[in-house]
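Read through the structure below, which is laid out as structure tokens, and then see the notes.
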Amino acid sequence: MEKELFVAPEGLGAFFKDALCDLNNVFVFSTDVVKNSWAEWCVSHPDESGVDVVLMERFIAWDKFKGEVVRGRDADKASIPSILRKFFVSSLISENAASPDGKTIFKKIINPLFRKDSASFADWISDTLRSLKLWNDTVSSLPDYKFDDEDEDYLALYKRYSDFLNVNNFFEPSWVEPDFSATGRHYVIFYPELLEDYSDYIDIFKKCPDITVVSLPKNELAAGKIPCLKYSDSRKELRRTILQIRKLCTDGGANTEKVRWDEVVLNVPDLQTYRPYLERELTKYCVPYVIKAGSPLVQNSAAQVFTEIQNCFNSEFSYESMRSLILDEYIPWKSDKKVLRENLIIEGNKMRCICGFNEGAVHFDSWEEALSATSGTNSRELEFYRELKHDISAICNAKSFDSIVQAWVIFKGKYLEEDGFSKTANDILGRCITELKELAKIENEYCQGENSNLSVSNHYDFFITELSKKIYTPQSKNTGISVYPYKTSAGAYFSHQFVIDANQKNLEVQYKKLGFLNEEKRVALGLVAHDKDSNVSKSFIRLYAADFQNPECEKVVHFSYAENSFAGFAICHNALKQEDARNSALDDEDFILQEKAYLMGKDIPLPLKLSKVQKEQLEKFQIFNKPETENENENSQSETSGLVLEKVKFTLIENRNKNLAEKERDGKIVITQSDMKDFFPCPRKWIFSKVLSLEEETLDTDLMKTYDMGNINHKILELFMGDYLNSHDPLPVCENGVFENERDIFEVLKKHAFTAIKDFRGDYSKSPLSQKMLESQIEQLAQNILTFLHDFLQPNVCSAAKPNSKTKTLGYGGCMVRGVEKSFSAKNEGKNYNYYGAIDLLLSPATKNTDSDAWIIIDYKNTKTPAKKDIMVSNEKLGDFQMPMYISLIKANKACGDVDVARFYAIKDASTSVAIDINTAGCSKDDFEPTMKAFGRYSDDFEKIVASKNFVPDLSKVDKHEDCSKCNFKAVCRRTYEVAKRN
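According to my numbering, the sequence shown is numbered sequentially starting from 31.
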């Protein structure tokens, strides 16, 4: 190194005036952004720079300097391509994976136990290669240093890589002493402390006379000199910063001329989080902007097709991965595939083709099994699935990058429209294919030779990994303020560089020499002292705080942070001087706040200022709120009501009559308990659910859905109780926690469990995958029901000698089964409605129970029974209508007696809730009579509302939080939301 200079960023102008005169000088900057800004400054400030034109080849960025300029003294060797470096590592990992136990290449950095699944180490090891010579030189300088297994791994890696470089006439840029004598150039590196990997080169550059380093003066890095505004929250910080930028660019300031939009930069440390907020606020405040940050290629809409193909293959064509690919509308699928694609996903949803699995050596493909089992109904979908699976597998199983290109061309030609992609999407796809062809070129050049031992274990995964690291930044012709990620523009020449979210976490930057080593190794190699000096946070802050303005201009604070940021609580970075933001005067220029105050009827100090967007929105608001004429409103209402009323009539009369005998059909409406549950307190919910049969469409699917297990348990109990109904035998009695014929009952339950899971009425019966799972759970299903029956079929007596409020009917062992899922109807003389319902279980007491001769009503719940406040009327409000309905049906049926017990039972834990129980004090038939009368009033109200044809909910009875928030139809109900002040 010829010399090291210390120059503050404000002094670079004078430095360039002298340095530009020497035509051999080439200037190296940390990033292209910094490079371009200073090249433009030189041209736009000829009086200060001494030139009015510069050769851009004299201004280069650090990455280009490393890759193209740094050369070893051996002219025959070339710098190793980064991709080839990864090929080398991938081959080494494959060789290590294939090594026998005890003879692996690596003992520590890749655990031998997991060596066969170590492909993910490739990137980390590739990054490590650049620093291995520095590591080797460091450990070689310590004669007393003792090697362990990890050091032996690094040494083996270093030797292997060195041999590979020598054999193939390559060099690693960070390993060689550069020789610039052939070019005659002298290189000036600006602020190398900003460069993360500069420590790999520093010892080499010290020996090179053709390099000058320009660093920050040490006295420039004192903490606490640079102010930073503190805001209470990120929204305020963002809004005020944008208002400050608007002021600079539209009004200027005291002794300050207006600046151009493109002379302002906004730097954001956590741009991924802030980006949507930034885009919204900058657009809202009419600030032109260009976000100079891209995203990985695979995260862009068009290129996602490659990752979606990978996900399908790697997940063995799981439902989620297939849905993501097939329904991705960014992909221009051929129109003739549209119906097939949609039908395939619909059928996969119905048949729950969640994933495949292996049974021994046999692979179970849930799609293949499900679609094949439909007796040809889905033959076209099955054929489409097989073709798609074959073509995706051809891409992902490709043994070379050229084969991937060929397989992609076939896939694209078969499934995608030739010109269906937009220009932007085509550009992105073109970039992806270019990267793929570059991989193929390097593979063909270096991996196909007879003596080459380079290989890639999985070509397509390698390709996707590379794409994920390639950042795509779309070219934009827009101009405005530039938005950069933090660190990108540090040291660049711009009139104003704002840094928001400048908290301790975001601005802390620490580079470590040989960063791949753990703390123990760092202590042993004496790197701890270097680590303390390698915190460059202050350097970045100082460069961002560079003041290129006229000293007489109004000073603007460019750093700010918020205590409550979008990412959580934050504190100011310790290198900054925290100040409370006292710039509320900016709010006076905030036309958004003014509009809000105006619409709320508040006085505003200034004439109302509106942006073009605001004016357009207010005009739309006025048009939308134009009153409708009375006739238009009446016509619209009558048309809608007519359609609904026809469906109401069909639901309550025509459709219900199908369940009734001919003599019971009298033209009255027929009410069920589920009608009443949905009807009260909001009739509109009943219209949505029972009349219009609205269901929330979803393409999400699960192996077992919410009510599946409850339906299976109900079916098992139905079949079990049905045996005793048909045989006229009393139910078995469980005493001391066991049945006398326990084993026989368990075998019967297993048989019924198998029948239940095959019940055609359950969607789970149509899913081969669900069936596989359920078949493996037959014994558990039977055991769950047996455990429930241990409690449920205890002796049919009172749980204590004398009934009280805590006693109950102990069980129903010995009772006679009178009905299982038995349907009843009841006519109501003098009323305009009838009842209909089906009761889970109807029993008559055991012959030994001399205290009761009336009927027993049981309703099963799978996990939880209704609360007492819902079962019994309270303050004229009734929450559950099942037991009043069932009791009404029983009383109306002359073949049945009175009801002495009416209870709910949870199958999960045999917990119970009571409506009527002669063995529970306070729960007699007489105690339940107020509830029965309330049920009658509810029934009358149901009929009246239906007859009135007015289903608007009574707002005095509907609790918006209690009722509306839990409603499945809140998204389509006008009660929940207010749009433009109209309910």
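C-beta: ideal position from N, C-alpha, C; glycine also.
Positions of the beta strand (DSSP E) runs, each at least 3 residues long and wholly inside the stretch 173-227, are given as 216-220 in order along the chain. With a cutoff of 9 Å on beta-carbon distance, Leu873 and Leu761 are scored as near each other. Between Arg382 and Leu799, the gap from beta carbon to beta carbon is short of 9 Å. Non-local C-beta neighbours of Lys138 in its own chain, meaning closer than 7 Å and more than five positions away in sequence, comprise Asp179, Glu180 and Asp183, ordered along the chain. Under the DSSP assignment, Thr728 falls outside any beta strand (DSSP E); it carries neither an H nor an E label. The Cβ atoms of His526 and Ile356 do not sit closer than 9 Å to each other.
With respect to the 9 Å criterion, Ile219 and Trp92 are classified as neighbours on the basis of their beta carbons.
The beta carbons of Phe343 and Cys426 sit about 4 Å from each other, so the pair counts as a contact at 8 Å. Checking the DSSP bridge columns, you'll see Asn55 partnered with His216. Shortest Cα-Cα distance from Tyr916 to any of Ala470, Asp131, Tyr217 and Phe934 involves Phe934. Contact between Phe822 and Ala922 is ruled out by a C-beta separation of about 27 Å, above the 8 Å threshold. Closest option to Ser506, judged by alpha-carbon separation, among Ala605, Ser595 and Lys322: Lys322. Distance from the Cα of Ser229 is smallest, within the candidate group Leu557, Val169 and Arg145, for Leu557. For the beta strand (DSSP E) assignment, the uninterrupted runs of no fewer than 3 residues enclosed by the stretch 912-959 are, from N- to C-terminal side, 929-936 and 942-947. Looking at Gly545, Phe972, Gly214 and Lys444, the one whose alpha-carbon comes closest to that of Ile155 is Gly545.
One Cα belongs to Ile113, the other to Pro257, and the distance between them is close to 44 Å. Secondary structure remark: continuous beta strand (DSSP E) runs of at least 3 residues inside the stretch 522-559, in chain order: 526-529.
Its Cα nearest to that of Asp209, the residue Lys96 stands out among Leu840, Leu162 and Lys96.
According to the DSSP secondary-structure assignment, Ser757 is paired through a beta bridge with no residue. Counting C-beta pairs with one atom in each stretch, the stretch 128-138 and the stretch 515-530 have fewer than three that are closer than 8 Å, which means they do not touch.
By the CB criterion at 9 Å, Val289 and Ser512 fall outside the cutoff. Within its own chain, the residues whose Cβ lies closer than 7 Å to the Cβ of Lys745, once the five positions on either side in sequence are excluded, are Ala786 and Asp789, listed in chain order. In the displayed model, Cys426 falls within a helix according to three-state DSSP. Taking a cut-off of 8 Å on C-beta distances, the stretch 55-68 touches the stretch 81-92, as three or more cross pairs fall below it. Boundaries of the alpha helix (DSSP H) harbouring Val439: Phe431 to Tyr445, taken from the DSSP string. For the pair Thr837 and Ile901, the CB atoms are not nearer than the 9 Å cut-off.
In this structure, Lys260 is the residue among Pro203, Leu172, Ile110 and Lys260 with its C-alpha nearest to the C-alpha of Cys602. Take the alpha-carbon of Leu985 and the one of Leu724: they are about 23 Å apart. Close CB contacts of Asp395 within its chain, under the 8 Å cut and outside five residues either way in sequence, are with Glu346, Phe347 and Gly386 (chain order). Annotated three-state conformation of Met706 is helix, per DSSP.
When beta bridges are read from the DSSP output, Met846 appears opposite Ser874.
Membership of Pro257 in any alpha helix (DSSP H) is not indicated; the residue belongs instead to the beta strand (DSSP E) covering Ile256 to Asp263.
Going by DSSP, Asn344 is part of the alpha helix (DSSP H) stretching over Gln334 to Asn344. Under the 8 Å Cβ criterion, the stretch 307-326 does not count as touching the stretch 442-454, having fewer than three qualifying pairs.
Checking the DSSP bridge columns, you'll see Val244 partnered with Leu35 and Phe220. For Trp397, the enclosing alpha helix (DSSP H) covers residues Ser396 to Ser402.
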